[in-house]
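Counting from 5, one number per residue, gives the positions in the sequence shown under our numbering.
This report concerns only the one structure given below.
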Amino acid sequence: MLKRTLALAVGLTLTFGSLLAQAADTLKVSAIPDEAPTELLRKFKPLGVYLEQKLGMKVEFVPVSDYPAVVEALATDRIDLAWLGGFTFVQARLKTGNAIPLVQREQDAQFTSKFITADPNVKSLADLKGKTFAFGSVSSTSGSLMPRYFMLKDGIKPETYFSRVGYSGAHDATVAWVQAGKVDAGVLNASVWEKLVAAGKVDTAKVKVFATTPAYFDYNWTVRGTLDPALAAKIKAAFLALDPANPKDKEILDLQAASRFIETSPDNYKGIEEAARAADLLK
């Protein structure tokens, strides 16, 4: 009986050890759901294959239901690497104390948001007083936080300035709301706007950009602070090695709406943290 118990214990230990080894050989990656799940997966697939080749390990994409779920997954070590907006990174950094931003797209150092409308009479935010307006997700840097921050600086408090404020949940959804006349205007990530226009998914004869925010830092790829530093360094090197002159690399970069990736640091997001506190979104 004792031998059987010991054998069972050894077997369980070996099985558990195998599971740990298997888990350690898989890089779990996620992203804020700022676009439709199918689009996020389409954009990630070639990048995932590239990372598997560079890192010599399996790479698995883990979809999440909303922005806070990415922060929680990083904080509880359920994912290793995440594509975050600037505000989501600030939240992750404050929650974990050690989340590390590795790289950002070159254009994320000078990112903007676009205000759009299908109303030909709207030429500026002044023309929207008393009308309806849509942000993206509450936790979106480019679809909510920074546009709100710049509006507040101009003396516009959305909840009292507009007759109704809605949250579409994603950038492409904001465009759909405006195009369908569900709201009079909305604001979204400049990169997604340009991608939708290029893909012919926006009726530009109807929907137009009428204003653009000042520039700010936005998206980055962040790893959990407890990740092996050597692996984190390899991940960073893999992103920095993507070369737009290489056709295969350019395909990956194009899907990420990136000219190339550059290094980033927590200090780049101090302005977003200040904006979030000014908007009373951080306690």
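A virtual CB, placed ideally from N, CA and C, is assigned to each residue, including glycine.
Only a predicted model underlies this, so the values are computations on that prediction, with no experimental measurement involved.
Nearest-angstrom Cα separation, counted from residue j out to residue i
i, j, result
"A234", "A96", "21 angstroms"
"K274", "T268", "12 angstroms"
"D123", "K133", "13 angstroms"
"D232", "K240", "13 angstroms"
"V94", "N224", "11 angstroms"
"K212", "L59", "43 angstroms"
"Y153", "P50", "35 angstroms"
"Y165", "S128", "13 angstroms"
"M150", "E64", "31 angstroms"
"K254", "A245", "11 angstroms"
"T92", "D29", "27 angstroms"
"A113", "K135", "32 angstroms"
"W87", "P270", "15 angstroms"
"P251", "Y54", "13 angstroms"
"L156", "K62", "45 angstroms"
"R82", "G52", "17 angstroms"
"A215", "K118", "6 angstroms"
"A293", "I266", "Residue 293 is absent from the model: the chain starts at 5 and stops at 287."
"L286", "L31", "30 angstroms"
"K210", "T230", "48 angstroms"
Selected residue, minimal CA-CA separation from residue i, among the options
i, options, result
"Q111", "D284, S263 and A279", "S263"
"V206", "E56, A184, N272 and W225", "A184"
"D176", "I160, L257 and F139", "F139"
"A219", "L246, Q108, E277 and F115", "F115"
"P72", "T145, E198 and R281", "T145"
"I120", "V182, G90, L285 and L149", "V182"
"A180", "K62, V201 and G89", "V201"
"N102", "A203, G190, L78 and K252", "L78"
"I160", "F214, S141, D131 and S172", "D131"
"V191", "K199, N250 and S172", "S172"
"S167", "N272, S195 and D188", "D188"
"K199", "A242, E43 and D222", "E43"
Three-state secondary structure assigned by DSSP to residue i
i, result
"E267", "strand"
"I120", "strand"
"A215", "strand"
"L285", "coil"
"L231", "coil"
"E39", "coil"
"R8", "Low confidence applies here, because R8 scores a pLDDT of 44, under 50, leaving its location unreliable; read the following figure in that light. Three-state DSSP puts R8 in a helix."
"P248", "coil"
"S195", "helix"
"D176", "helix"
"V74", "helix"
"I239", "helix"
Counted within 10 angstroms of its Cβ, other Cβ atoms place residue i as buried (16 or more) or exposed
i, result
"R228", "buried"
"P105", "buried"
"Q57", "exposed"
"E39", "buried"
"V68", "buried"
"R109", "buried"
"E297", "A question about residue 297 goes unanswered here, because the residues of the chain that appear run from 5 up to 287."
"K37", "Here the sequence assigns Pro to residue 37, which means Lys is not the residue at that position. Classification for P37: buried."
"T208", "exposed"
"K7", "Any reading at K7 must be qualified, since the residue scores a pLDDT of 43, below 50, and its modelled position is unreliable; the value itself is stated next. It counts as exposed."
"L45", "exposed"
"K47", "buried"
"A174", "buried"
"N125", "exposed"
"T178", "buried"
Sheet register partners of residue i (DSSP bridge)
i, result
"W225", "W87 and V107"
"F137", "V169 and A189"
"L31", "V63"
"Y273", "According to DSSP, which records beta bridges pairwise, Y273 is partnered with nothing at all."
"F93", "Answer is none; F93 lacks a bridge partner."
"F115", "Y220"
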